[in-house]
Amino acid sequence: MTERRRRVTAADVARSLGLSRTTVGYVLNNTPGQTIPAATRERVLAEAARLGYRPHRTAQALASGRSMIILLVLPDWPMEHTLRQNLETASRILDDAGYALVTYTRHESGHARPLWELLNPDVVIAWTPITDAERASMLTGGITKIIPQLQQERTALASPTLTAGTHLQIEYLHEQGHRRLGFATSVNERFSVLSQGRAEAARQAADRLGVDLLDVRPVDHRDGSVARAVQEWSAKGVTAVAAFNDDIAAMTVAATLRAGLSVPGDLAVIGHDDTPMASMLYPSLSSVSIDSAGLGRHLANLALHAAEDRPLPETPPDLHATVVARESTRR
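Under the UniProt record's numbering, the sequence shown has 157 at position 157, and the numbering climbs by one with no breaks.
In structure tokens form, the structure reads like this:
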């Protein structure tokens, strides 16, 4: 068995250079307000690199009272295009500010300790409901910067930012002259809460505009449900379908064409998220584009407001949702 190498410490760097541990500590921790000569600073950093010194984050956190970690508690969603863009933007902004963004997804069947107990993050942002016991666990661990706060909504899933695009889908189809609509959701249970939210938004938009939303159902190409849905929509006189996302829209278009129907002549289809594949399909897929990078900026700015009392960003964020009209809805 290979013997584990001892971790290089600041004391090792100080001993190697013949400097005081205090001086070396000031340099390695980049302590403000110190008048250490530039030449000494360069010697310390060079020797630390030569010896393989790495900061001990736990010790630094104990000394400073800060871990420089932002913990984002996510719903158990697949890591699809929009979410990836969102997190990449937030991570980059927080990294520029000196923070690491760590994502954490809880699982009902899991037995691991919550990540906030292991990392002691400066801020916890929850995009999924936090139980009273979980909140108590955070507070007991000294984590007081928790978003959303207790008096606010407990989950970001209730945010209109996640359903605004669905309203746009229905409004656009109405503008195109469609009055008998369907809505296709996902069979993926991991999307269930978001699917339900968007389906309800579709119903609200249809009621507001006075159009008939004749059918809302989950569809999938693997079990034949999307093919059956297309047949039933055709029988009911549905002329357009709004889909939960571009994947669902794409399989709806494919099933429609396989049924010998035309898109958009017999059935117009619009997706959501404007993923890269939307413009590459034939017929090209109309979709709703949202500023997912803007949501990432909002997330990062919320965290920085909590961590450093920076200005509070606009809430809810304007995602600049727009319809990108392509061949699947153009008559």
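Just so you know, even glycine gets a beta-carbon here, dropped at the ideal spot from N, CA and C.
For G182, the beta-bridge partners assigned by DSSP are D215, V241.
Only residues of its own chain outside the window of five on either side were considered, and among them T185, S186, F244 have a CB closer than 6 Å to the CB of S195, listed in chain order. Listed in chain order, the non-local C-beta contacts of T105 below 6 Å within the same chain comprise L74, D76, local neighbours out to five positions each way being set aside.
The beta carbons of V241 and G182 sit about 4 Å from each other, so the pair counts as a contact at 8 Å. S328 is positioned such that its CB atom lies closer than 8 Å to that of S286. A distance below 8 Å separates the beta carbons of A306 and I147.
Excluding the 5 residues flanking it on each side, T166 has same chain C-beta neighbours closer than 6 Å at R198, A201, A202, in chain order. Between the region 310 to 327 and the region 289 to 301 there are three or more inter-stretch CB-CB distances shorter than 8 Å, so the stretches are counted as touching. Non-local C-beta neighbours of M277 in its own chain, meaning closer than 8 Å and more than five positions away in sequence, comprise D246, A250, L285, ordered along the chain.
Here the alpha carbon of A321 sits roughly 21 Å from the alpha carbon of M79. Classified as exposed, M280 has fewer than 16 neighbouring CB atoms from the shown chains inside 10 Å of its CB. Annotation: Q34 to S20 spans about 14 Å, alpha carbon to alpha carbon.
Sequence-distant Cβ neighbours of N301 in its own chain, meaning closer than 6 Å and more than five residues away, are P313. The beta carbon of R179 sits closer than 6 Å to the beta carbons of V211 from its chain, once the five residues preceding and following it are set aside; these are given in chain order.
A259 and T128 have their C-alpha atoms roughly 39 Å apart. Separation of the CB atoms of L51 and V24 is rounded to 11 Å, and the pair is thereby denied contact status at 8 Å. With contacts defined as CB atoms closer than 8 Å, L299 and I125 qualify as a contacting pair. A205 is positioned such that its CB atom lies no closer than 8 Å to that of E232. DSSP assignment within the region 98 to 158 yields the following whole alpha helix (DSSP H) runs of 4 residues or more, N-terminal first: 115 to 119, 132 to 140.
When rounded, the separation of the alpha-carbon atoms in R113 and S137 is 11 Å. Excluding the 5 residues flanking it on each side, A325 has same chain C-beta neighbours closer than 7 Å at S286, in chain order. If you draw a 10 Å sphere on the C-beta of N120, you find 16 or more other C-beta atoms in it, and that means buried.
Remark: C-beta atoms of L28 and I70 do not approach each other more closely than 8 Å.
DSSP, read as helix, strand or coil, puts I170 in helix. Per the C-alpha coordinates, the member of N30, V44, P37 positioned closest to D12 is V44.
Around V238, the same chain offers R180, G182, L214 as residues with beta carbons nearer than 6 Å, after the five sequence neighbours per side are excluded. Cβ atoms of V323 and V288 come within 8 Å of each other, at about 6 Å. S286 has I270 as its beta-bridge partners, per DSSP.
Judged by DSSP in its simplified three-state form, L19 adopts coil rather than helix or strand.
P37 counts as exposed, since fewer than 16 other C-beta atoms from the protein chains shown sit within 10 angstroms of its C-beta. With a cutoff of 8 Å on beta-carbon distance, L209 and H174 are scored as near each other.
If you check the CB distance, L304 and A97 come in under 8 Å.
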